[in-house]
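**Q**
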Amino acid sequence: DGWLWQSVVKVVIDTEKDFILSAKFKPEWLGDKYIFGLVWNYKNINNSCTFLWDASGKIAVKNTTDGNSEFIVKWTSVKHKMIKNGYATLSIKFNKKDNLFYYLINDEVVDNSKPLLPEYDRYTGFHFQNKGHVQIDNIQLLQDRGEINVVKADFENLKKENLGTKINTVYTEKSPLISHDGKTLYF
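Numbering (the working numbering) for the sequence shown: 2 to 188.
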């Protein structure tokens, strides 16, 4: 009891377009005060948004800014909709036309709120609180980012080139990610 753990990664989301962020959880053992869910817009423990589910079958959405938390969606009971084939899929769907966030459990809308849009320097991931055991099957971001024009490479004549200290470091640059506008490369 009383502990909190969040695991996050940087994810680039274009807030000018619709998107869905979801994760599939398999609750295996939950203490009576256990809470898990999605975290986005994460800068640090004092600045983030969370879509939460607790062991009693309630959901809530919380926005924390400079350590001050505000419940955007207050704790609401949805227990009968939670587990499907042993899993619970929590999703956040942003609809630009409606300018709303929709909160879904197993593809069923359980609530909505004003948008809590992610910023480019923020992270996305998981939230766990108190004692319990939950298996995470996957996390995914779905968004139409347009076409990606892949350059055909002649790998036999490919020459590696150091691009200088602004790009290359003494570390291994892995997992390159191109920004939604195609102008920035992240590692």
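Beta carbons: idealized from backbone N, C-alpha and C, even for Gly. Quick caveat: nothing in here was measured; it's all calculated off a predicted structure.
Comparing alpha-carbon positions, which option in K27, V111 and N96 lies nearest N86?
**A** The shortest Cα separation from N86 among K27, V111 and N96 belongs to K27.
**Q** Using the three-state DSSP reduction, which class does E157 fall into: helix, strand or coil?
**A** Here E157 sits in helix by DSSP.
**Q** Would you list the one or two residues that DSSP bridges to F52?
**A** According to DSSP, which records beta bridges pairwise, F52 is partnered with L39 and V62.
**Q** Below 8 Å on the Cβ atoms is my contact criterion, and I expect Y35 with N131 to pass it. Report the Cβ-Cβ distance as a whole number of Å.
**A** 5 Å between Cβ atoms; contact.
**Q** Compute the Euclidean distance between the alpha carbons of T16 and G58, then round it to the nearest angstrom.
**A** If I take the Cα positions, the gap works out to 30 Å.
**Q** In its own chain, which residues sit with a C-beta less than 7 Å from the C-beta of L91, not counting the 5 before and 5 after it?
**A** Around L91: S23, A24, F26, G38, L39, F52, W54 and I106.
**Q** If you follow the beta strand (DSSP E) that G32 is part of, which residue opens it and which one closes it?
**A** That residue, G32, is in no beta strand (DSSP E); it is neither H nor E in DSSP.
**Q** By alpha-carbon positions, which one of D182, N47, E29 and T125 ends up nearest to I21?
**A** I21 has its Cα closest to that of T125, out of D182, N47, E29 and T125.
**Q** What did DSSP end up calling E109 once you bin it into helix, strand or coil?
**A** In this structure, E109 counts as strand in the three-state DSSP scheme.
**Q** Does the Cβ of K97 have 16 or more other Cβ atoms within 10 Å, making it buried, or fewer, making it exposed?
**A** So K97 ends up on the exposed side.
**Q** Of all the CB atoms in chain C, is at least one closer than 8 Å to the CB of S23?
**A** Absence of chain C from the displayed structure is noted, only one protein chain being present.
**Q** Answer with buried or exposed for V13, where buried requires no fewer than 16 other C-beta atoms within 10 angstroms of its C-beta.
**A** Counting Cβ neighbours within 10 Å, V13 comes out buried, since at least 16 surround it.
**Q** I'd like to know whether the C-beta atoms of F271 and N113 end up nearer to each other than 8 Å.
**A** Given that the chain is displayed from residue 2 to residue 188, the structure contains no residue 271 and the question cannot be resolved.
**Q** For I60 and Y88, which I take to be in contact (beta-carbon distance under 8 Å), what is that distance rounded to the nearest angstrom?
**A** The pair is not a contact, with the Cβ atoms about 16 Å apart (cut-off 8 Å).
**Q** Give the secondary structure of D138 by DSSP, where H, G and I count as helix, E and B as strand, and everything else as coil.
**A** Three-state result, D138: strand.
**Q** Please name the residue in Y43, K161, R123 and K18 whose C-alpha comes closest to that of D145.
**A** Answer by Cα proximity: K18.
**Q** Excluding five sequence neighbours on each side, which residues of the same chain lie with their C-beta closer than 7 Å to the C-beta of N48?
**A** Hits under 7 Å: T65, T66 and D67.
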